[in-house]
Amino acid sequence: MDTPFDPRPIGIFDSGIGGLTVLRAVAQRLPGESLIYLGDTARVPYGSKSPRTVARYTIQVADFLLARGIKALVVACNTASALGLEALGRHSPVPALGVILPGARLAAGTTRNRQVGIIGTRSTIASGAYPRELTALDSLIRSHPLACPLFVPLAEEGWHHHPATRLIATESLQPLMAAGIDTLILGCTHYPLLAPVIAEVMGPEVTLIDSARAVADALAGRIGPEIRPAPPGARPTRTLLATDVPDRFEEVARRFLELEESGGLERVEMVDLQP
Ligand code: DGL
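So in numbering that gives the first Met the number 0, the last one in the sequence shown is 274, and the numbering has no gaps at all.
Below you can see the structure in the form of structure tokens.
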């Protein structure tokens, strides 16, 4: 029988803990929806792998979450969005959203001087995905892309405010300091974890764009017309899955998501993507 509601969870995935920034934004924006998160911690980082490998991982994770009965999938990883979303769009029977377009839209609407910095993993920057989207949105925007490969391990390690992080951020962001940007896209979902340090290094005249909120808004816009909402009054669940080291993942997740308050979290379950 057809009903206007769908109790199935929304899947969210990243190579590690970075996509928890998206999980948090989605949980705030759509509190009634059940969410299932998969961090592919056994294979993190994706950002230094080839486009073919990242696309293959993306499809593999999607298939795993589809088998768990998701009704939509958010690719909460810029690298997988840049390199795997196109293949996923052809493959997935449920709506699939990435983080690049919502982040680029937010940046294009934020910049005043049309000088936009983009930081991301090597693969995301090499893909040219953000400059392409930004130019399509506004041909006068000038992109300043920069790979910051050391940021992901710092975020995964939980060194979000560590002095070493400040030092590495100051060194890594140096090429952007003279570029005259007024907007900086955090083009990796791990980077919002380091946002206070990045903001301090870049200074108050640069606005940081965190695509987590933007993708949560984009998802919310598709609930109703395309994705049926959760039944009203149902208790939403938050399930966390990791492909390796669930204890460490759980500790960072709890601290970062302040999950004591939100409740409804099941223990982090370790899963094997191979059938
Ligand atoms: N969080 C992922 C992203 O947004 C990348 C981290 C990695 O290199 O795996 O790009």
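All residues carry an ideal CB built from backbone N, CA and C; glycine is no exception.
Buried or exposed, going by whether 16 or more other CB atoms sit within 10 Å of the CB of residue i?
i      : result
Glu260 : In this prediction, Glu260 has a pLDDT of 48, which is less than 50 and means its spatial position is unreliable; what the coordinates show is noted afterwards. Counting Cβ neighbours within 10 Å, Glu260 comes out exposed, since fewer than 16 surround it.
Arg89  : exposed
Lys48  : buried
Arg266 : exposed
Ser138 : exposed
Asp1   : exposed
Gly108 : exposed
Gly18  : buried
Arg212 : buried
Phe248 : buried
Phe150 : buried
Gly15  : buried
Pro44  : buried
Pro101 : buried
Phe4   : exposed
Glu170 : exposed
Ala233 : exposed
Gly10  : buried
Gly186 : buried
Glu268 : exposed
Leu34  : buried
For the beta strand (DSSP E) containing residue i, list its first residue and its last residue.
i      : result
Pro144 : Arg141 to Ala146
Ile184 : Thr182 to Gly186
My assumption, with CB atoms under 8 Å, is that residue i sits in contact with residue j. Please give the rounded CB distance.
i      : j      : result
Val21  : Val98  : 7 Å
Gly116 : Ala178 : 6 Å
Phe12  : Ala75  : 6 Å
Ala106 : Ile184 : 5 Å
Pro130 : Pro144 : 6 Å
Gly83  : Thr57  : 3 Å
Thr134 : Asp181 : Between Asp181 and Thr134 the Cβ distance is about 17 Å, and since that is not below 8 Å, they are no contact.
Ser141 : Arg113 : Looking at the sequence shown, residue 141 is not Ser but Arg. About 6 Å; that satisfies the 8 Å criterion.
Arg237 : Ala26  : 7 Å
Going by CA-CA distance only, name the one from the options that's closest to residue i.
i      : options                           : result
Asp216 : Leu96, Val244 and Ala135          : Leu96
Ala271 : Ala146, Ser142, Ala241 and Val151 : Checking the sequence, you will find Asp at residue 271 rather than Ala. Minimum Cα distance to Asp271 is reached at Ala241.
Leu192 : Met176, Ala168, Pro174 and Pro203 : Ala168
Ile208 : Thr188, Thr57 and Gly157          : Thr188
Lys70  : Glu249, Arg104, Val200 and Glu225 : Glu225
Ile124 : Leu87, Glu268, Glu170 and Gly46   : Gly46
Tyr36  : Arg51, Pro50 and Leu65            : Leu65
Pro152 : Asp181, Thr120 and Gly127         : Thr120
Pro235 : Ser14, Leu29, Pro3 and Ala24      : Leu29
Pro8   : Ser14, Gln59, Val93 and Glu85     : Val93
Gly127 : Pro50, Arg221, Leu87 and Arg165   : Pro50
Ala86  : Ala61, Gly102 and Tyr190          : Ala61
Asp246 : Leu136, Arg227 and Glu156         : Glu156
His159 : Ala135, Leu175 and Glu199         : Glu199
Pro203 : Ser33, Ala41, Val25 and Met176    : Met176
Cys147 : Ser122, Val244 and Glu132         : Ser122
Arg42  : Arg253, Val251 and Val244         : Val244
Leu72  : Gln273, Glu250, Ala219 and Arg253 : Ala219
Taking 7 Å as the line, does the beta carbon of residue i fall inside it for any heavy atom of the ligand GDP?
i      : result
Asn112 : Questions concerning the ligand GDP fall outside what the structure shown contains, since the ligands it does hold are the ligand DGL.
Tell me where the alpha helix (DSSP H) around residue i begins and ends.
i      : result
Ile124 : Arg121 to Ser126
Ile9   : Element bounds for Ile9: not the alpha helix (DSSP H) but the beta strand (DSSP E), Ile9 to Asp13.
Glu199 : Ala194 to Met201
Ile167 : Pro162 to Ser171
Val21  : Leu19 to Arg28
Val151 : Phe150 to Glu155
Ignoring anything shorter than 4 residues, give me the alpha helix (DSSP H) runs that lie fully in the stretch 30-103, in order along the chain.
For the stretch 30-103, whole alpha helix (DSSP H) runs of length 4 or above, ordered along the chain, are 50-66 and 77-90.
Which complete beta strand (DSSP E) runs does the stretch 209-251 hold, if anything under 3 residues is left out?
237-241
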